[in-house]
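Novice: Same order as they appear, the protein sequences are chains A and B.
Note that my numbering has the first sequence beginning at -10, numbered continuously upward.
Note that my numbering has the second sequence beginning at -10, numbered continuously upward.
For glycine and all other residues, C-beta sits at the position ideal for the given N, C-alpha and C.
Nothing here was measured: the structure is a model prediction, and the numbers come from that model.
Number of protein chains: 2
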Amino acid sequence: MPKIADEARTARRDQIIAAAAECFARAGYHATTMADIAETAGVSKGTPYLYFPGKEALFIALYEEWDCGLAARVDAAVGGLAEPARRSPRTVLAAVASAIAAHVTGNPQTCRVLMEATTLAAYEPAIAAKVQAANAASLDQLTGLFQAGIAAGQWPAGADPALRARLFMAGLYGLMSQWHLAPGTFPLQAAMGALAGTDAVGPGEHRGDTEKKGDGT
Amino acid sequence: MPKIADEARTARRDQIIAAAAECFARAGYHATTMADIAETAGVSKGTPYLYFPGKEALFIALYEEWDCGLAARVDAAVGGLAEPARRSPRTVLAAVASAIAAHVTGNPQTCRVLMEATTLAAYEPAIAAKVQAANAASLDQLTGLFQAGIAAGQWPAGADPALRARLFMAGLYGLMSQWHLAPGTFPLQAAMGALAGTDAVGPGEHRGDTEKKGDGT
DNA sequence: TCTTAAAATGACTGGATGGTCAGTCATCAT
DNA sequence: ATGATGACTGACCATCCAGTCATTTTAAGA
């Protein structure tokens, strides 16, 4: 009987999510209406409800899709490293930062959705759960990376890998937050690169060459 | 003629702003209604409009008040340093981080309002203007601090002060953002201390002793 | 081609919200 | 004491929006 092809269903779903991303990024969660999303997607007002239970569920689906997009990019970047480089935690870290910067620069909407999610997480338990889970996973991965780096002597022996991971994540998020307010003001790629090259608390294996100009406003 | 005492007017205003802070921090900007604020302040629904043109103006007033609160705290912390210490940019930086951590820990609402403002800034030009101005001012101050620190040899000569300042600010903001989602998960004070003690890209005058345990979730 | 069930539509609803305003009440100069 | 001035009140309005559902359209199978 005439059930729409699975493929078509998925396409519609993606179309709606993409429209939602555009709208949420443009106007924020609360200022975006379901009607906006439907119109942007080119469907009627009722259609989104055939694919998602409601606005919040749609946002969560979007968040997961986009976060996955980011995670996938990061994995791809790490996987794409040449074998010897992949063994160096420091190099991996730089690749992670670079991949994130590239993805965000290319899709500024990612920034917006990410920030919106983080802010919403303060009041919406369902969203908080997703955001915290994503954060914890990233933190774990980074902690592992720093652990390896410390073991390999790329960071000082006494360093606390969990703390390093947290500071690194905080730096990434803070940079995105600053950048999304005024994208033209400083080069995200360079700043994130510096953050990765940075030796929080350690004897400086690296030096001035990782520094780039930022124009300061 | 019977004009209310200026003192009384200011008190009412502050009372409304305090109520707004509580409500915005509890439920976020959009989910907070003017009726909520009025009720929390113990006044009628019309009264806030006698002191502020509307919801957005009230939020902006709150943002400025709270931001000033933070800036004042920072200034006080710096001013309170003993004279020789105040001459050391590194020490000043640590004092700044410590003052912010203390203020935020004591008033978690600050975190919420700050994040809410940053997110809103993406869509509300009036708020964006205030946030960007505040950011630029902080960035300038920090840049000056790093400049002095570099001149004094506390950071490597080649370092870019503007970039350092940006990374430091990003770290602070990112830490607040992580902390407000799960205040119990890690000690903000210690993390911010580590951030200030950190030698992004520099030879490490400091070492492991600035590291504290963070439990990693 | 024709049947039929699922998909899509869009008018509708019930509730909520920012903001207003005519009227009330407290205060202070006289 | 008293009355004029302005702070305060809270019912009210116009608007908006998430979500529903009866109806129409679409496409897969016979």
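I need the DSSP call for B/Gly163, collapsed to helix, strand or coil.
Specialist: In the structure shown, B/Gly163 sits in a helix (DSSP, three-state: H, G or I).
Novice: Please state whether DSSP places B/Asp129 in a helix, a strand or coil.
Specialist: Helix at B/Asp129.
Novice: State yes or no: is the C-beta of B/Leu103 within less than 8 Å of the C-beta of B/Ala84?
Specialist: It is not a contact, given that the beta carbons lie outside the stated cut-off.
Novice: What are the complete alpha helix (DSSP H) segments, minimum 4 residues, inside the stretch 58 to 116 of chain B?
Specialist: Within the stretch 58 to 116 of chain B, the complete alpha helix (DSSP H) runs of at least 4 residues are 72 to 75, 78 to 95 and 97 to 109.
Novice: Answer yes or no: does any C-beta atom of chain B fall closer than 8 Å to that of A/Glu105?
Specialist: Chain B contact via Cβ: present.
Novice: Here's the rule I'm using: 16 or more other beta-carbon atoms within 10 Å means buried, otherwise exposed. How should B/Pro42 be labelled?
Specialist: Counting Cβ neighbours within 10 Å, B/Pro42 comes out exposed, since fewer than 16 surround it.
Novice: Is there contact here, the stretch 146 to 163 of chain B with the stretch 103 to 119 of chain A, by at least three beta-carbon pairs under 8 Å?
Specialist: Too few Cβ pairs lie closer than 8 Å, so no.
Novice: Give me, in chain order, the residues of the same chain whose beta-carbon lies closer than 8 Å to that of B/Glu(-4); leave out the 5 immediate sequence neighbours on both sides.
Specialist: Cβ within range, chain order: n/a, list empty.
Novice: Give, in chain order, every residue of the stretch 113 to 141 of chain A whose Cβ lies closer than 8 Å to some Cβ of chain B.
Specialist: Cβ contacts with chain B: Ala117, Val120, Gln121, Asn124, Ala125, Leu128, Asp129 and Thr132.
Novice: Under 8 Å between C-beta atoms, does B/Gln178 make it to chain A?
Specialist: For B/Gln178, the answer is no, since every Cβ of chain A falls outside 8 Å of its Cβ.
Novice: Would you call A/Ser127 buried or exposed, if buried means 16 or more other Cβ atoms sit within 10 Å of its Cβ?
Specialist: With 16 or more Cβ atoms within 10 Å of its Cβ, A/Ser127 is classed as buried.
Novice: Using the three-state DSSP reduction, which class does A/Phe48 fall into: helix, strand or coil?
Specialist: In the structure shown, A/Phe48 sits in a helix (DSSP, three-state: H, G or I).
Novice: Around the C-beta of B/Gly173, are 16 or more other C-beta atoms found within 10 angstroms, so that it is buried, or is it exposed?
Specialist: Counting Cβ neighbours within 10 Å, B/Gly173 comes out exposed, since fewer than 16 surround it.
Novice: Buried or exposed: which applies to B/Met(-10), given that a residue is buried once 16 or more other Cβ atoms fall within 10 Å of its Cβ?
Specialist: Unreliable placement is indicated for B/Met(-10), whose pLDDT of 45 sits below 50; no coordinate value is reported for it.
Novice: Please classify A/Ile6: is it buried, with 16 or more other beta-carbons within 10 angstroms of its beta-carbon, or exposed?
Specialist: Buried: at least 16 other Cβ atoms inside 10 Å.
Novice: In or out: B/Asp56 buried (at least 16 other Cβ within 10 Å) or exposed?
Specialist: When all chains shown are included, B/Asp56 counts as buried.
Novice: Report yes if the CB atom of A/Gln178 is closer than 8 Å to the CB atom of A/Ala91, and no otherwise.
Specialist: The answer is yes: Cβ separation under 8 Å.
Novice: Just the chain A side, please: which residues come within less than 7 Å of B/His212 by C-beta, in chain order?
Specialist: Absent from the structure is residue 212 of chain B, since the part of chain B shown begins at -10 and ends at 206.
Novice: With three or more C-beta pairs closer than 8 Å as the rule, is the stretch 75 to 89 of chain A touching the stretch 27 to 45 of chain A?
Specialist: Result no; under three Cβ-Cβ pairs closer than 8 Å.
Novice: Could you work out which residues of chain B lie near A/Ala159, taking near to mean beta carbons separated by less than 7 Å?
Specialist: Under the 7 Å cutoff, chain B gives Gly160, Gly163, Leu164 and Gln167.
Novice: Can you list, in chain order, the residues of its chain whose CB lies under 7 Å from that of B/Gly138, leaving out five sequence neighbours each side?
Specialist: Excluding positions up to five away in sequence, the list reads Pro78, Arg79 and Trp144.
Novice: Hey, would you say A/Ala9 sits closer than 8 Å to A/Leu59, going by beta carbons?
Specialist: Against a cut-off of 8 Å, the Cβ pair of A/Leu59 and A/Ala9 comes out as no contact.
Novice: Could you check the C-alpha separation between A/Met181 and B/Val63 for me, to the nearest Å?
Specialist: So the alpha carbons of these two residues sit roughly 27 Å apart.
Novice: Cβ atoms of B/His169 and B/Cys100: under 8 Å apart, would you say?
Specialist: Contact flag set, yes.
Novice: Between which two residues does the alpha helix (DSSP H) harbouring A/Ala183 extend?
Specialist: Leu177 to Gly186 is the extent of the alpha helix (DSSP H) around A/Ala183.
Novice: Enumerate in chain order the residues of its own chain whose CB-to-CB distance from B/Asp204 is below 6 Å, with the five nearest sequence positions on each side excluded.
Specialist: Residue confidence is low: B/Asp204 scores 41 on pLDDT, short of 50, so the model does not pin down where it sits. Its coordinate-derived value is still stated next. So no residue of the chain qualifies.
Novice: Using only alpha-carbon positions, find the residue among B/Phe175, B/Lys34 and B/Gly186 that is nearest to A/Ala125.
Specialist: Of the listed residues, the one whose Cα sits closest to A/Ala125 is B/Phe175.
Novice: When the Cα atoms are used, what is the spatial distance from B/Ile49 to B/Lys119?
Specialist: Cα to Cα, B/Ile49 sits roughly 8 Å from B/Lys119.
Novice: Chain B partners of A/Ala20, CB-CB under 7 Å?
Specialist: In chain order: Tyr112.
Novice: I'd like the list of long-range same chain contacts for B/Ala30, defined as Cβ closer than 6 Å, with 5 residues on each side in sequence excluded.
Specialist: Within the same chain, B/Ala30 has close Cβ partners Gln4, Ile5 and Ala8.
Novice: For A/Ala154 and A/Gln98, which I take to be in contact (beta-carbon distance under 8 Å), what is that distance rounded to the nearest angstrom?
Specialist: Not quite, the Cβ-Cβ distance comes to about 26 Å (not below 8 Å), so this is no contact.
Novice: So A/Thr99 contacts chain B; which residues on that side make the cut at Cβ distance below 7 Å?
Specialist: Under the 7 Å cutoff, chain B gives no residues; its nearest Cβ is about 13 Å from A/Thr99.
Novice: So, helix, strand or coil for B/Trp168, using DSSP?
Specialist: Three-state DSSP puts B/Trp168 in a helix.
Novice: Between the C-alpha atoms of B/Lys151 and A/Ala86, what's the straight-line distance to the nearest angstrom?
Specialist: Position check: residue 151 of chain B holds Ala in this sequence, whereas Lys was assumed. So the two alpha carbons sit approximately 20 Å from each other.
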